[in-house]
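J.: The following block contains the structure, expressed as structure tokens.
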Amino acid sequence: MTVLPARRHLRVAIALLVLSSWGSARADDPPPMEQPAASAPSGQKSGVAGRRAAETPNTPATAEQHRLPPDSTTKQTLDLPGRSLAFTATAGSIRLFDEKGEPQADIAYTSYQLDGADRAARPVTFLFNGGPGAASAYLQLGNSGPWRLAINAVTPSTSSDLQPNTETWLDFTDLVFIDPVGTGYSRFVASGEEVRKRFYSIDGDVNSIALVIRRWLEKYDRLLSPKFVAGESYGGIRGPKIVNNLQTRQGVGVRGLILISPLLDFREFSGTSILQYVASLPTYAAVAREAKDGALNSAELADVEAYARGDFLADLIKGEADVEATNRVADKVAALTGIDQAVSRRLAGRFDISEFRREFDRRNGKVTGRYDASVLGLDPYPESSSSHFSDPSGEALVGPLTSAAVDLTRGKLNWRPDGSYQLLNGSVERAWDFGRSIDPPQSITELRQTLALDPKLKVLIAHGLFDLATPYFGTKLVLDQLPAFARPPRVKLVVYPGGHMFYSREASRQAFRTEVEELMKQ
């Protein structure tokens, strides 16, 4: 998790950023600093804390004051049905420096390494979430770590008690969960706005995570291990760029890339692009069909996908000036979604995500989730013409997941940083610079380059049917444009029942684990 609202992203996507590279460096050497970035664009806030920090000189004493505690390594045993896993867990951080050797940030990580394994043959997977501004607890405690929080029916008051994870990936790969700066316990140790501008940007973020990966590999003598990178949500932008950076600038080869509910191209959600309606229509229909008929799979949406990329797109291109085409679209969308025909005609069959969430079950005073549109919650303002509602499938997770992450880190892993744990830090997204180009961010360029550079690299992409944050069909449309060398089986797309965190459903989590294990055996 998580991609924050696309329209807000697109407003900041035109911001100017003058950015160079971290470059390559030895593990004990400070990475080169990027050139100073341009000032934040109008409407982008850096916060009072950031402004105060800009007035504070960066001194060794300041850096030590903000330093995270020494790494904590513990021996753990996980008892699971039919097996027992003995492993070494480390909660700690890696410090990043500028080209003058001055400390910039401490990046927190949690790693799990199986005891007694051959390091040269044993895979290691680096995992991160999205946002930007999300910690890796979603993947660690919801999907692949040794312990799991049941998040399929969570409420803010749900117990944060963790249980052994039967579907942990630790059976077949070591795991390193990375929290980018501003998330989890990761923090800046340097003061001033310039350091934040360097890290809170597309390229600066990618450079820092890639460097952390290389530094971890060197620290634990794992450079010879088969290496995999896994990213969720905005991790779809990060993932291909990080792998490309590792290949071409860090001197680190990667065996495979795993993208979970990714957004690969923001252009599909542009406020003026008709592709946003094409990308989301199959998900709208999936939500309606499951609500009416019960469980379904992606194969049952073949007719909707064909319509979306065929007659639907053709009629959208004709525009609202063509009344007959507009009415055809509106009536078909109403039939596919169950939304009142009059409402569909009023909106010309062009439902953005917020409109669909509000209108799908408005008759019962409910709204759908954004992260999982199959989840319904009460509309707090059912009589209002404005849309003021939270996400019943996402926001309820913040309390239990935060508590679980803090309890695991400070208790079982015995690492006790001061300060607050940031599961989902909105100030990171608000301060983010999405690039100097007027084009919305995308990672398809790096995905093409990475696949072309290394013919052995494999990619696995997984989506949830009911995810409105990153609809699966948007990814399918993008992948269909790739050249032959980037087609299945080398690049594989799988779609499971569920939402953005489809792994909250047991069957989907089990099926996804099987796919990942098969990828690592190839």
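Add 126 to a position in the sequence shown, counting from 1, and you land on the number used in this note's numbering.
Glycine residues also receive a C-beta, built at the ideal position from the N, C-alpha and C atoms.
Just so it is clear, the structure is predicted and the values come from calculations on it, not from any experiment.
1. Near VAL524, what residues of its chain come up, given a Cβ to Cβ distance below 8 Å and the 5 sequence neighbours on each side ignored?
2. Would you identify the three-state DSSP class for TYR598, choosing helix, strand or coil?
3. Measuring CB to CB, does PHE592 end up less than 8 Å from THR463?
4. Please work out which residues of its chain come closer than 7 Å, Cβ to Cβ, to PRO207, disregarding the five sequence neighbours upstream and downstream, and give them in chain order.
5. Among the candidates THR374, VAL455, ARG639 and GLY590, whose CA atom is the shortest distance from the CA of ARG472?
6. Kindly indicate which three-state DSSP category VAL355 falls into: helix, strand or coil?
7. Going by alpha carbons, who is nearest to VAL617 out of ILE339, LEU573, ARG639 and SER198?
8. For a test of the three-state rule: what should DSSP assign to THR251, helix, strand or coil?
9. Check whether the Cβ atoms of VAL380 and PHE354 sit closer than 8 Å, and answer yes or no.
10. What span of residues does the alpha helix (DSSP H) with LEU343 cover, start to end?
11. Going by DSSP, name the residue or residues bridged to SER219.
12. Does the contact criterion of 3 or more C-beta pairs under 8 Å hold for the stretch 386–401 versus the stretch 425–433?
13. Given 8 Å as the limit, is there contact between the stretch 199–213 and the stretch 252–263, that is, 3 or more CB pairs closer than that?
14. What does the alpha-carbon distance come out to for the pair ARG435 and ALA633?
15. Would you mind listing the alpha helix (DSSP H) stretches within the stretch 500–573 that are 4+ residues and don't spill past its ends, in chain order?
16. To the nearest angstrom, report how far apart ASP466 and ARG488 are at their CA atoms.
17. What residue from ARG556, VAL302, GLY268 and GLN575 has the CA that sits closest to ALA215's CA?
18. Just list the residues that DSSP pairs HIS589 with in beta bridges.
19. Could you spell out the range, first to last residue, of the alpha helix (DSSP H) harbouring VAL459?
20. Please report the straight-line C-alpha distance between ASN184 and SER334, rounded to a whole angstrom.
21. Below 8 Å on the Cβ atoms is my guess for TYR238 versus PHE213; work out the distance and round it to an integer in Å.
22. For GLU641, which residues in the same chain have their Cβ closer than 8 Å to its Cβ, ignoring the five residues on either side in sequence?
23. If you count every other CB in all the chains shown that lies within 10 Å of the CB of GLY227, and 16 or more means buried, which is it?
24. Does LYS647 come out as helix, strand or coil in the three-state DSSP assignment?
25. Roughly how far, in whole angstroms, is the beta-carbon of ASP478 from the beta-carbon of GLY495, given that I think they are within contact range, below 8 Å?
26. State the CB to CB distance for the pair PRO366 and THR596, rounded to an integer number of angstroms; the pair is presumed to be in contact (CB under 8 Å).
27. Can you have a look at ASN423 and say buried or exposed, based on whether 16 or more other CB atoms are within 10 angstroms of its CB?
28. Using a Cβ-Cβ cut-off of 6 Å (strictly less than) and excluding sequence neighbours within five positions of THR251, which residues of its own chain qualify?
29. Measure how close the beta-carbons of VAL338 and ILE304 come, nearest whole angstrom, since I'm counting them as under 8 Å.
30. State the CB to CB distance for the pair GLY218 and ASP197, rounded to an integer number of angstroms; the pair is presumed to be in contact (CB under 8 Å).
31. Within 10 Å of its beta-carbon, does ASN540 have 16 or more other beta-carbons around it, so buried, or fewer, so exposed?
32. Just tell me which of ILE328, GLY308 and ASP287 has its CA closest to the CA of GLY537.
33. Between the beta-carbon of MET627 and the beta-carbon of GLY268, is there less than 8 Å?
34. Are PHE392 and PRO567 close, meaning C-beta to C-beta below 8 Å?
35. Using the Cα positions of TYR622 and ALA316, report the straight-line distance between them to the nearest angstrom.
36. Would you say LEU275 and LEU527 are within 8 Å of each other, going by their C-beta atoms?
T.: According to the structure data:
1. Taking the sequence shown and counting its residues from 1, the one referred to as residue 524 is at position 398. Taken in chain order, the residues that qualify are PRO282, LEU549 and LEU550.
2. Counting from 1 along the sequence shown, the entry for residue 598 is found at position 472. TYR598: helix per DSSP, three-state reduction.
3. Working through the sequence shown from its first residue, we reach residue 592 at position 466. Working through the sequence shown from its first residue, we reach residue 463 at position 337. No, the pair does not count as a contact, with Cβ atoms beyond the cut-off.
4. For the purposes of this step, residue 207 is taken as the residue at position 81 of the sequence shown. Answer for PRO207: THR292, listed in chain order.
5. Position 346 of the sequence shown, counting from 1, holds the residue named residue 472. Minimum Cα distance to ARG472 is reached at VAL455.
6. Walking along the sequence shown from the start, residue 355 turns up at place 229. In this structure, VAL355 counts as strand in the three-state DSSP scheme.
7. The residue labelled residue 617 in the question sits at position 491 within the sequence shown. Among ILE339, LEU573, ARG639 and SER198, the Cα nearest to that of VAL617 is on LEU573.
8. For this step, residue 251 is matched to residue 125 along the sequence shown. Looking at THR251 - three-state DSSP - the assignment turns out to be strand.
9. Reading the sequence shown from its first residue, position 254 is the one you call residue 380. Reading the sequence shown from its first residue, position 228 is the one you call residue 354. Yes, they are a contact pair.
10. Taking the first residue of the sequence shown as 1, we reach residue 343 at position 217. Looking at the DSSP string, the run of the alpha helix (DSSP H) that includes LEU343 is 328–345.
11. One-based indexing of the sequence shown puts residue 219 at position 93. In the DSSP output, where bridge partners are listed per residue, SER219 has ALA234.
12. no
13. no
14. The residue given as residue 435 occupies position 309 in the sequence shown. The residue given as residue 633 occupies position 507 in the sequence shown. Those two C-alpha atoms are separated by around 29 Å.
15. 524–533 and 552–557
16. As a first step, residue 466 must be located in the sequence shown, where it is residue number 340. As a first step, residue 488 must be located in the sequence shown, where it is residue number 362. Approximately 10 Å between the Cα atoms of the pair.
17. In the sequence shown, the residue the question calls residue 215 occupies position 89. Answer by Cα proximity: VAL302.
18. As a position in the sequence shown, residue 589 is number 463, starting the count at 1. DSSP, once it has assigned bridges, lists VAL621 as partnering HIS589.
19. In the sequence shown, the residue the question calls residue 459 occupies position 333. Run containing VAL459: 449–463, per the alpha helix (DSSP H) assignment.
20. Counting from one through the sequence shown, the residue named residue 184 turns up at place 58. Counting from one through the sequence shown, the residue named residue 334 turns up at place 208. With a pLDDT of 47 at ASN184, under the threshold of 50, the predicted position of this residue should be treated as unreliable, though the coordinate-derived value follows. Each residue's Cα considered, the two are about 20 Å apart.
21. Numbered from 1 along the sequence shown, position 112 holds the residue referred to as residue 238. Numbered from 1 along the sequence shown, position 87 holds the residue referred to as residue 213. With a Cβ gap of about 5 Å, TYR238 and PHE213 count as contacting.
22. Walking along the sequence shown from the start, residue 641 turns up at place 515. The residues are LEU586, ALA588, LYS618 and VAL620.
23. Here the question's residue 227 lines up with position 101 in the sequence shown. That one is exposed.
24. As a working note, residue 647 is residue 521 in the sequence shown. Note: LYS647 maps to helix in three-state DSSP.
25. Taking the first residue of the sequence shown as 1, we reach residue 478 at position 352. Taking the first residue of the sequence shown as 1, we reach residue 495 at position 369. Between GLY495 and ASP478 the Cβ distance is about 16 Å, and since that is not below 8 Å, they are no contact.
26. If you number the sequence shown from 1, residue 366 lands on position 240. If you number the sequence shown from 1, residue 596 lands on position 470. Contact doesn't hold; Cβ gap of about 15 Å is too wide.
27. Looking up residue 423 in the sequence shown gives position 297. Exposed.
28. If you number the sequence shown from 1, residue 251 lands on position 125. Around THR251: THR299, LEU301, PHE354 and ALA356.
29. For the purposes of this step, residue 338 is taken as residue 212 along the sequence shown, with counting starting at 1. For the purposes of this step, residue 304 is taken as residue 178 along the sequence shown, with counting starting at 1. About 6 Å separates the two Cβ atoms, so the contact holds.
30. Taking the first residue of the sequence shown as 1, we reach residue 218 at position 92. Taking the first residue of the sequence shown as 1, we reach residue 197 at position 71. GLY218 to ASP197, Cβ: 3 Å. Contact.
31. Position 414 of the sequence shown, counted from the first residue, corresponds to residue 540. ASN540 is exposed by the Cβ-count criterion.
32. Within the sequence shown, numbered from 1, the residue matching residue 537 stands at position 411. Per the Cα distances, ASP287.
33. Counted from its first residue, the sequence shown places residue 627 at position 501. Counted from its first residue, the sequence shown places residue 268 at position 142. Yes, Cβ-Cβ distance for MET627 and GLY268 is below 8 Å.
34. Position 266 of the sequence shown holds residue 392. Position 441 of the sequence shown holds residue 567. In contact: PHE392 and PRO567 (Cβ atoms closer than 8 Å).
35. The count along the sequence shown starts at 1 and reaches residue 622 at position 496. The count along the sequence shown starts at 1 and reaches residue 316 at position 190. Going by the C-alpha atoms only, they are around 43 Å apart.
36. The count along the sequence shown starts at 1 and reaches residue 275 at position 149. The count along the sequence shown starts at 1 and reaches residue 527 at position 401. Yes. Within cutoff.
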